[in-house]
Every structure is written in structure tokens, then in C-alpha cells.
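Participant:
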Amino acid sequence: DIRNNSAWNQRYFVIAHTTGFKDDIIERELDYVEKRIESCPDNESSWNYLRGIARFRSTNLNDQRIWKFCQNLYENHFLKDDFNNRQWKFLLGYMIELLIDDDQEEKRNENKKMITDLGEKLALQIDPIRKKYWRYIQEQYATE
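Using the numbering used here, the letters of the sequence shown map in sequence onto residues 131 to 274.
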């Protein structure tokens, strides 16, 4: 079951205690989780799994493959999905995390603007129940 958080935890546990997160295993798991996210983007468990395996891929969460995957979902699905935007809250939240974690000086202003824009979408449209949280994130990272 794609929504079963325990199944995602078990998958992570088995890999961590058998083969380990070697490069080929990480690539396989990225392929797997990306397909699952595409089929069910409002499943927090698969996004958490992506976060977990991303840590083994590089020290910086903003891995180019992962960023391109998120950007593709944003441009080709979120921006075109006027009727069901709320299913994309985990995508936008994760994109904010990646932008916060990006330490490239030359992209700092661009990243701040995007954090503000994504935070605004989350606060007002997609995840208004956590409006204060998204405002806090905007204040902390987009204005420094």
C-alpha cells in the first residue's frame, strides 16, 4: 500500500541493514519513490522517504536530480491543476526545504523570492490551516 507509512519505514530499514545505501541502490530507490509520488502526490510518507534517501545521495539536500523532479512536478502538474491544488502541499513544502538548503550565493535572491512565492501559495490556498507556520518560514528564510 503506497500510503502505508510502516511499509516505507520497513523498506528503509531493510536497505539500511542489508545492502546499505550505495549509489546504485539510491538511484533505484529514487526511481521507485519518484513514480510513487507522481501517482499519489498527497502522500506524506513517500515524500518523507525521498527526504531520507536524499541524505545518502549528497550532503546538500538540493541534489540536481531531485530538484529537477520537483520542478517538473511543479511546472507540469501543480501549475496546471487548478481544481486539486491541495494535493501538492508536500511538493511545495519540500521545494521550500530544498531552497533553504541551497547554499549557492549567486542564487540567494532568486531562492528567497521563490520561498516567498511558494510560502504564499501554501499559506493562502493550499495549506491555510498552517498559515502561521508558512508565514514564519517566509520571515525566517526569505528576508535574511
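Ideal placement from N, C-alpha and C gives every residue a C-beta, glycine not left out.
Owing to the predicted nature of the structure, the values given are computational and were not obtained by experimental measurement.
1. On the premise that glycine 249 lies in contact with isoleucine 226, defined as a C-beta separation below 8 Å, what is that separation, rounded to the nearest angstrom?
2. Within 10 angstroms of its Cβ, does tyrosine 266 collect 16 or more other Cβ (buried), or is it exposed?
3. What residues in its chain sit with their C-beta under 7 Å from that of lysine 251, if we drop five residues either side in the sequence?
4. Between arginine 166 and proline 258, what straight-line distance do the alpha-carbon atoms span, to the nearest angstrom?
5. Can you check which of these residues, Thr246, Phe186, Glu168, is closest to glutamine 270 by C-alpha distance?
6. Over what stretch of residues does the alpha helix (DSSP H) that includes aspartate 153 continue unbroken?
7. Taking DSSP as the reference, what is the three-state secondary structure of threonine 149?
8. According to DSSP, simplified to helix, strand and coil, what is arginine 195?
9. Using CA coordinates, which residue listed in Pro171, Ser176, Gln194, Ala184 is at the minimum distance from isoleucine 155?
10. Can you have a look at alanine 272 and say buried or exposed, based on whether 16 or more other CB atoms are within 10 angstroms of its CB?
11. Cutting at 7 Å between CB atoms, please list the residues of its own chain near glutamine 255, excluding the five before and the five after it.
Facilitator: Once the coordinates are examined:
1. 7 Å
2. exposed
3. Leu222
4. 26 Å
5. Thr246
6. 153-169
7. coil
8. helix
9. Ala184
10. buried
11. Asn215
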